[in-house]
Every structure is written in C-alpha cells, then in structure tokens.
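Participant: Supplied in structure tokens, the structure appears directly below.
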Amino acid sequence: MNKLIRLVVLLGSLLIVFSVSAEIFKWTDEKGNVHFTDKPPANRKTEQLELKVNTYTAVEITPLLERLGRTDKVVIYTTSWCGICKKAKKYFRKHNIAYVAYDVEKSTIGKRDYKQLKG
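Per the numbering used here, the very first residue in the sequence shown carries number 8; after that it's consecutive.
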C-alpha cells in the first residue's frame, strides 16, 4: 500500500513536470463574437489568457491505516442499501481478499471516518 501511494505521487509529479502549457488568446471579431484560439489572429487586438490548472487537496488516510494496524487490508465503507457495496464484499470473499467493512450510517467508526474523509 505504501509503495502504491509513492507510485501515485511520483506519477502525479511527473505529469506536472512534463505538462505542456499552451498559450490561449481571446479576441473579438467584427460581428462582436468572442473567440479563443491558441494562435493570435493577424491584425486583431488580442488578450493572452493565463489559465490555472485545476487542483485539489488529497484526503489524508494515514491515520485510518495506522488505526487498522496493517497497511495491506482493504477498508470498505458501506450502507445497508448499497448494491455496489454488496457486490464488492462478495468479490472480496470470492477472491479471499481480507477486508474490513464499516457501515457509514450505523457504525461509530464508519460515521467518523466518512466525515473525516469528507464524504
């Protein structure tokens, strides 16, 4: 699990480093229509736009994994009415995958973790 997290962080870092930033120009034609292009048109007043990359803050799951005492166990947060949850648990059992299930509506731990994970 720790190796997987490191791999994801490494790949994400490489994507940021090797991403190509294109120039975007905004201009208005003689009919008043606004256009966005990657090359400025000749004989037109243009405005070069600075676009920001969408980002998000990752959820910190380390405290949850530490509480389990093992990092190789699957944790699934479920509800009694979730069909996908039932299919996932059936799959885990069929393939002998160790897992811990917490109901986010009934379990104190499940409710707390769900809230902490911003669910």
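Glycine included, every Cβ here is placed at the ideal spot set by N, Cα and C.
Hey, is the stretch 28-38 in contact with the stretch 47-54, meaning 3+ C-beta pairs nearer than 8 Å?
Facilitator: Contact holds: three or more Cβ-Cβ distances are below 8 Å.
Participant: Do alanine 108 and isoleucine 83 have their C-beta atoms within less than 9 Å of each other?
Facilitator: yes
Participant: Alpha carbon to alpha carbon, how far is glycine 39 from threonine 62?
Facilitator: 33 Å
Participant: Leaving aside the five residues before and after aspartate 110 along the sequence, list all residues of the same chain whose C-beta is less than 7 Å from its C-beta, in chain order.
Facilitator: Within the same chain, Thr85, Thr86, Ser87, Gly117 come within 7 Å of aspartate 110 by CB-CB distance, once the 5 residues on both sides are set aside.
Participant: Could you give the distance in angstroms between the alpha-carbon of lysine 93 and the alpha-carbon of glutamate 112?
Facilitator: 15 Å
Participant: Could you pull the DSSP bridge partners for histidine 42 from this structure?
Facilitator: Trp34
Participant: Which residues in the same chain as proline 47 place their Cβ atom closer than 6 Å to its Cβ, once the five residues preceding and following it in sequence are excluded?
Facilitator: Phe32, Thr53
Participant: For alanine 105, which residues of its own chain have a beta-carbon under 6 Å away from its beta-carbon, when the five flanking residues on both sides are left out?
Facilitator: Lys80
Participant: Excluding the 5 residues preceding and the 5 following lysine 122 in the sequence, name in chain order all residues of the same chain whose CB lies nearer than 8 Å to its CB.
Facilitator: none
Participant: Quick one: what's got a C-beta closer than 6 Å to histidine 42's C-beta in the same chain, skipping five residues either side?
Facilitator: Trp34
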